[in-house]
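Enquirer: Attaching a single structure in structure tokens format; questions to follow.
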Amino acid sequence: MQRMKVLVVDDEPDIEWVTRQALRGILFDHDPIEVLSAPSAKHAQAIIVQHPDVAVLLLDVVMESPHAGLELVRSEEHTSEL
Numbered sequence: 072m073q074r075m076k077v078l079v080v081d082d083e084p085d086i087e088w089v090t091r092q093a094l095r096g097i098l099f100d101h102d103p104i105e106v107l108s109a110p111s112a113k114h115a116q117a118i119i120v121q122h123p124d125v126a127v128l129l130l131d132v133v134m135e136s137p138h139a140g141l142e143l144v145r146s147e148e149h150t151s152e153l
């Protein structure tokens with residue numbers, strides 16, 4: 072069984088680090104989760120393409136633009152409809 076993947080998207084390195092620390096040691100189905108991270112919505116979109124099995128997305132809304140996180144979610148909604 073593959074490990075559950077959690078993607079943390081935040082442009083603030085300190086927030087990303089604290090989030091990773093909070094997730095450290097969490098098990099899902101007796102296996103540690105795999106935490107991926109991205110510093111922007113653009114990077115997150117590339118990771119999602121590479122890892123379509125991301126189960127949880129922890130997403131900052133305001134990054135490279137005031138609505139970057141929301142735009143990422145909207146773009147993924149349209150992709151998943153295909």
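The sequence shown: position 20 = 91 (my numbering), numbered continuously. Glycine included, each C-beta is placed from N, C-alpha and C at the ideal position. Everything numeric in this text was worked out from a predicted model, so none of it was measured.
1. When you compare the CB positions of D100 and D131, do they come within less than 8 Å of one another, or not?
2. Mapping DSSP to helix, strand and coil, what is V133?
3. Helix, strand or coil: how does DSSP classify P123 here?
4. Using C-beta distances below 8 Å, list every residue in its chain close to S111, excluding the 5 sequence neighbours before and after it, in chain order.
5. For K76, count the other beta carbons within 10 Å of its own beta carbon; 16 or more makes it buried, fewer makes it exposed. Which is it?
6. Hey, quick one: how far does the beta strand (DSSP E) through E105 stretch, first residue to last?
7. Anyone know if the C-beta pair for Q92 and D124 falls short of 8 Å?
Expert: Reading from the atomic positions:
1. Contact flag unset, no.
2. coil
3. coil
4. The residues V80, D82, M134, E135 and A139, in chain order, have a CB closer than 8 Å to that of S111 in the same chain once the five nearest residues on each side in sequence are set aside.
5. buried
6. Segment E105 to A109, the beta strand (DSSP E) holding E105.
7. no
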